[in-house]
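> A single structure is presented below for examination.
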Amino acid sequence: QFEVFFVCSGVTPLLLDTRRMSQVASNVVRILVVGECGDGKTTLINAFKHESEQDGETGRRARGITKQIQIFKGKELAPGVQLELWDTPGIGDMDVTPANLLTKIEAALQTDRLSTGG
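Sequential numbering of the sequence shown, starting at 6, is according to the working numbering.
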């Protein structure tokens, strides 16, 4: 089983071992990006999303910008292996409490009913 973990705190490098992509059980590698408001989660996603996807809105506001979990089609990591990027509201968003954020993440992981990015 191939797992990808990513924690966003300021600018954190994202490293994927593309040599292991042949071991991916499915054709999609999903990355859930979580971090504080203004850490650059959506900016990071914009850098790795597929060119056909519209950019996610970015900026620094105390109330945050991203309010719902959004899913973006990412670039192809290896032949036949697609990247999927999940953007989340920032921790510390004045409109999305930490408990509400955890509820949103849990619901997204359980139901896979996410809003489309862009």
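Glycine included, each C-beta is placed from N, C-alpha and C at the ideal position.
Quick one: using the 10 Å Cβ neighbour count with 16 as the cut-off for buried, is residue 113 buried or exposed?
The residue in question, residue 113, is buried, as its Cβ has 16 or more Cβ neighbours within 10 Å.
> Report the CB separation of residue 69 from residue 44 in whole angstroms; it is logged as a contact under 8 Å.
Actually they do not touch by this definition, with Cβ atoms about 11 Å apart.
> Work out the CA separation of residue 87 and residue 32 for me, nearest whole Å.
In a straight line, the C-alpha of residue 32 is about 6 Å away from that of residue 87.
> Can you grab the Cα-Cα spacing for the pair residue 7 / residue 64, in whole Å?
Bear in mind that a pLDDT of 38 at residue 7, under 50, signals an unreliable position, so the number given afterwards is only what the model happens to contain. When rounded, the distance between both Cα atoms is 32 Å.
> On the CB-based measure, 16 or more other CB atoms within 10 Å of its CB, does residue 73 come out buried or exposed?
The residue in question, residue 73, is exposed, as its Cβ has fewer than 16 Cβ neighbours within 10 Å.
> In the DSSP output, what is residue 54 paired with across the bridge?
According to DSSP, residue 54 bridges with 79.
> For the beta strand (DSSP E) that contains residue 35, what are its first and last residues?
Start and end: 33-38.
> Let me check understanding here. Comparing Cα to Cα, which of 55, 106 and 84 lies closest to residue 42?
Taking only the C-alpha atoms, the option nearest residue 42 is 106.
> If contacts are defined as beta-carbon pairs under 8 Å, then residue 95 and residue 53 qualify, I think. What distance do you get, rounded to the angstrom?
Not a contact, Cβ separation roughly 18 Å.
> So who's on the other strand from residue 86, going by DSSP bridges?
Answer is 83, bridged to residue 86.
> In this structure, does DSSP put residue 62 in helix, strand or coil?
It is coil, neither helix nor strand.
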